[in-house]
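Each residue of the sequence shown is one higher than the last, beginning at 447 in our numbering. Ideal placement from N, C-alpha and C gives every residue a C-beta, glycine not left out. None of the values given here were measured: they were computed from a predicted structure.
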Amino acid sequence: MNTFFKNLTFTFLCLGISTILAFFFFNLGQKNSVNTALIYILALILIAQNTTSYWYGAAASVFCVIAANYFFTYPYFKLNFILDGYPVTFIGMLAISLITSATASMLKKQKAIASERERKLAEAEHEKIHANLLRAVSHDLRTPLTSVIGYLQLAADMEKFSEQERHKYAEIAMRKANRLQGLIEELFSYTKLMSGEITLHKSEIDIVKLVEQMVEEFYPQFCENNLEYELSQNVSSCIINADGELMARAVQNLISNAIKYGKDGKRVFVEVEKFEKEIQVRVTNFGLII
Numbered sequence: 447m448n449t450f451f452k453n454l455t456f457t458f459l460c461l462g463i464s465t466i467l468a469f470f471f472f473n474l475g476q477k478n479s480v481n482t483a484l485i486y487i488l489a490l491i492l493i494a495q496n497t498t499s500y501w502y503g504a505a506a507s508v509f510c511v512i513a514a515n516y517f518f519t520y521p522y523f524k525l526n527f528i529l530d531g532y533p534v535t536f537i538g539m540l541a542i543s544l545i546t547s548a549t550a551s552m553l554k555k556q557k558a559i560a561s562e563r564e565r566k567l568a569e570a571e572h573e574k575i576h577a578n579l580l581r582a583v584s585h586d587l588r589t590p591l592t593s594v595i596g597y598l599q600l601a602a603d604m605e606k607f608s609e610q611e612r613h614k615y616a617e618i619a620m621r622k623a624n625r626l627q628g629l630i631e632e633l634f635s636y637t638k639l640m641s642g643e644i645t646l647h648k649s650e651i652d653i654v655k656l657v658e659q660m661v662e663e664f665y666p667q668f669c670e671n672n673l674e675y676e677l678s679q680n681v682s683s684c685i686i687n688a689d690g691e692l693m694a695r696a697v698q699n700l701i702s703n704a705i706k707y708g709k710d711g712k713r714v715f716v717e718v719e720k721f722e723k724e725i726q727v728r729v730t731n732f733g734l735i736i
């Protein structure tokens, strides 16, 4: 019911304003009805585009033809359908009005269909990304969990292994468990971010200096894994408005994964490149494809 009154109000408003404008231009000039027709056609297009049913445009088309007869055709303020040639003119104007209204309605419907198709494609792409993420997360969680279970089983075997060996296996299981905890925390943070539960605390940060700091912090890991690294940037400084903590975590994850999966490649490239309207941070490793 609210939609009906909204459509009806909009239709009456457009017809009223168009009639007032038609009177203004009709009396301003030499009583030329061409402007009147153009104003009413514009009103029909607006009505067809902004109402939810074809019938509002159809009813408005009939009104426009009758109004043109009553207000802007001599003798004025009288309906006269017996003027020479007028029946043809009346039918022609009505046909043009109806076609205009129908075309605008059809274009609006096609636009709605296209928008719905784009929305479904976006949802499908989102579901695909979500499924790929779940597979990747399942793989990353299963690997350390399997190791934890395996080493705990070894540590629990008192008959086969000495106390020193079982202590070593327990330490390895603890490291794997900590790794698993970190993955779970990252997954939890991701789900909160996607659901909008994380509030961004944006401030001005120098992304170039941040990347330089992150690379320096990973220097021991590069050395430990016999990896050479190269940091390149085409600007010495670039201020952006972002959440510094989350941005640092993102860069840390990129470098950490590059070290983890790029040991065989022996080198890692970290690049910061500023373009006209954006800045890119790229971390490239040369390890085996997994």
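Let's test the definition: count the other Cβ atoms within 10 Å of the Cβ of residue i and tell me whether it reaches 16, buried, or not, exposed.
i: C669; result: exposed
i: T645; result: exposed
i: Y615; result: buried
i: F732; result: exposed
i: F518; result: buried
i: F509; result: buried
i: S507; result: buried
i: F451; result: exposed
i: P590; result: buried
If we call anything under 8 Å between Cβ atoms a contact, is residue i one with residue j?
i: I705; j: V714; result: yes
i: A505; j: Y486; result: no
i: K712; j: L677; result: no
i: I512; j: F456; result: no
i: L656; j: A694; result: yes
i: A489; j: L461; result: yes
i: V716; j: Y675; result: yes
i: L626; j: L587; result: yes
i: I630; j: F664; result: no
i: C684; j: K638; result: no
Return the bridge partner residues of residue i from the DSSP annotation.
i: D689; result: K648
i: K720; result: I725
i: S678; result: E717
i: T730; result: F715
Of the residues the options, which one's Cα is nearest the Cα of residue i?
i: G708; options: V727, A601 and Q667; result: Q667
i: S464; options: I491, N448 and F450; result: I491
i: A619; options: Y597, E573 and L656; result: Y597
i: H613; options: G628, L600, Q679 and L467; result: L600
i: F523; options: S678, A570 and F469; result: F469
i: V661; options: F472, R728 and M604; result: R728
i: F458; options: E724, I725, Y502 and T449; result: Y502
i: N699; options: F471, Y636 and N481; result: Y636
i: T497; options: A558, N671 and P521; result: A558
i: N680; options: G690, I653 and Q659; result: I653
i: S682; options: A602, I725 and E691; result: I725
i: L692; options: A577, H647 and N473; result: H647
i: A483; options: S584, E617, H572 and A541; result: A541
Since residue i contacts residue j with CB under 8 Å, what's their CB separation in whole angstroms?
i: N687; j: E650; result: 6 Å
i: K622; j: V594; result: 5 Å
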